[in-house]
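K.L.:
Heads up, the sequence shown is in the working numbering, so the first residue is 1 and it goes up one at a time. Yeah, the Cβ is synthetic: ideal placement off N, Cα and C, and Gly gets one too. Remember, predicted model here, so these are calculated numbers, not experimental data. What follows is a single structure, and I will ask about it in a moment.
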Amino acid sequence: MTRSILIVQTGTALERVRRRRGDYPHWFRTGMRLGRAEVRVVDARGATDLPEPRGYAGVVVTGSAAMVSEREPWSEATAAWLRGAVHAGTPVLGVCYGHQLLAHALGGRVDYNPRGREIGTVELELAPAAEQDPLFRGLGPRMRVQATHRQSVLAPPPGAELLAHTALDPCAAFRVNAHAWGLQFHPEFSLGAIAAYLEARRDAIREEGGDPDALARGLRPAPVSRRVLRRFAQLALAQA
């Protein structure tokens, strides 16, 4: 096993954001406070064979504009690989699409959220179980997070521990066993990143009956959520 984190990339950031801020793997690496040599990135969309998860201290699965419910071949292959990683005991952190894919891989149900799109700075309500969780303890009972998604985990995997919810998403975070977490929110997003996503989705938000101006006024930094990301890296590397 290497003392490095494997970042499984499942999508790319908006082009306008990438030009200024880099892409998802860079955001995760800096959010975890890791050096370049401490991470390896593999793009699941083009990989013919994902690496053996037990060769890494931990695995992070990024967000994507894809939809888990569409069951694209690369996505289904990544779900099967994730299931193996969890069963092997490798620490896993799935974020947004990664959160949904992890749930799907372990028997949960993912589809469009009947409550609609969630985007902007939202309040995360932590469940009592979060107080004993290695990633969340001491951060509750509530915290600001950045979010942008239309699909959600509608039914968590069997045996999953629900850790948090938001006004629009009953399953905003969960843990399976002692080493696999799903986060619907984006701890790697800066305030500038979520502002750019909100700006890009303005027309869609209006068409759905939302108010993008009100959402923009509600944007706030969410520094506490970044601690969840750092804690995952520390936990994974400490066990390597």
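(1) Check alanine 180 in the structure and name its three-state DSSP category.
(2) Given that a residue counts as buried once 16 or more other Cβ atoms are within 10 Å of its Cβ, and exposed if not, what is glutamine 132?
(3) Return the CA-CA distance between phenylalanine 232 and isoleucine 205, expressed in angstroms with no decimal places.
(4) Which residue's Cα is closest to the Cα of leucine 14: Ala195, His179, His104?
(5) If you compare alpha carbons, which of Arg54, Thr10, Leu198 is closest to serine 75?
(6) Note down, in chain order, each residue of its chain lying with its Cβ closer than 7 Å to the Cβ of leucine 191, except the 5 sequence neighbours on either side.
(7) Suppose only complete runs of 4+ residues qualify. What are the alpha helix (DSSP H) ranges in the stretch 63-92, listed by chain order?
(8) Verify whether the separation of the beta carbon atoms of histidine 165 and alanine 172 is less than 8 Å.
(9) Check this for me: beta carbons of leucine 102 and phenylalanine 136, under 8 Å apart or not?
(10) Count the CB pairs spanning the stretch 119-126 and the stretch 56-76 that are closer than 8 Å, and state whether there are at least three.
(11) Kindly indicate which three-state DSSP category serine 190 falls into: helix, strand or coil?
(12) How would you write the range of the alpha helix (DSSP H) that glycine 98 sits in, first residue to last?
(13) Out of curiosity, what's the CA-to-CA distance linking valine 39 and glycine 55?
(14) Within its chain, find whatever has a CB closer than 6 Å to the CB of glycine 108; leave out the 5 residues flanking it on each side and keep chain order.
(15) Can you name, in chain order, every residue of its own chain whose Cβ lies under 7 Å from the Cβ of serine 4, other than the five neighbours on each side?
(16) According to DSSP, simplified to helix, strand and coil, what is aspartate 203?
(17) What span of residues does the beta strand (DSSP E) with glutamate 118 cover, start to end?
(18) On the premise that glycine 22 lies in contact with valine 61, defined as a C-beta separation below 8 Å, what is that separation, rounded to the nearest angstrom?
(19) To which residues of the same chain is glycine 35 closer than 6 Å at the C-beta, ignoring the five residues directly before and after it?
(20) Could you give the residue range of the beta strand (DSSP E) that holds arginine 109?
(21) Once you ignore the five residues that flank asparagine 177 on each side, which residues in its own chain have a CB closer than 6 Å to its CB?
(22) By how many angstroms is the C-alpha of alanine 200 removed from the C-alpha of glutamate 207?
P.N.:
With the structure as the only source:
(1) Assigned with DSSP and collapsed to three states, alanine 180 falls in strand.
(2) By the neighbour-count rule (16 or more Cβ atoms within 10 Å), glutamine 132 is not buried but exposed.
(3) Here the alpha carbons of isoleucine 205 and phenylalanine 232 stand approximately 33 Å from one another.
(4) Of the listed residues, the one whose Cα sits closest to leucine 14 is Ala195.
(5) When each option's Cα is compared against that of serine 75, the closest is Thr10.
(6) Around leucine 191: Leu219, Pro221.
(7) Counting whole runs of 4 or more residues, the stretch 63-92 contains the alpha helix (DSSP H) stretches 73-87.
(8) Less than 8 Å divides the Cβ of histidine 165 from the Cβ of alanine 172.
(9) The beta carbons of leucine 102 and phenylalanine 136 sit no closer together than 8 Å.
(10) In the pairwise beta carbon analysis, the stretch 119-126 is classified as not touching the stretch 56-76: fewer than three pairs are separated by under 8 Å.
(11) For serine 190, the three-state secondary structure derived from DSSP is coil.
(12) For glycine 98, the enclosing alpha helix (DSSP H) starts and ends at 97-105.
(13) Here the alpha carbon of valine 39 sits roughly 12 Å from the alpha carbon of glycine 55.
(14) Same-chain partners within the cutoff: Val153, Ala155, Pro156, Pro157.
(15) Excluding sequence positions up to five before and after serine 4, its CB lies within less than 7 Å of the CB of Glu38, Val39, Arg40, Tyr56, Ala57, all in the same chain and listed in chain order.
(16) Aspartate 203: helix per DSSP, three-state reduction.
(17) Looking at the DSSP string, the run of the beta strand (DSSP E) that includes glutamate 118 is 118-126.
(18) The Cβ separation is near 18 Å, so there is no contact.
(19) Nothing meets the Cβ criterion.
(20) Run containing arginine 109: 109-112, per the beta strand (DSSP E) assignment.
(21) Once the five neighbours on either side are set aside, asparagine 177 has no close Cβ partner at all.
(22) Cα to Cα, glutamate 207 sits roughly 13 Å from alanine 200.
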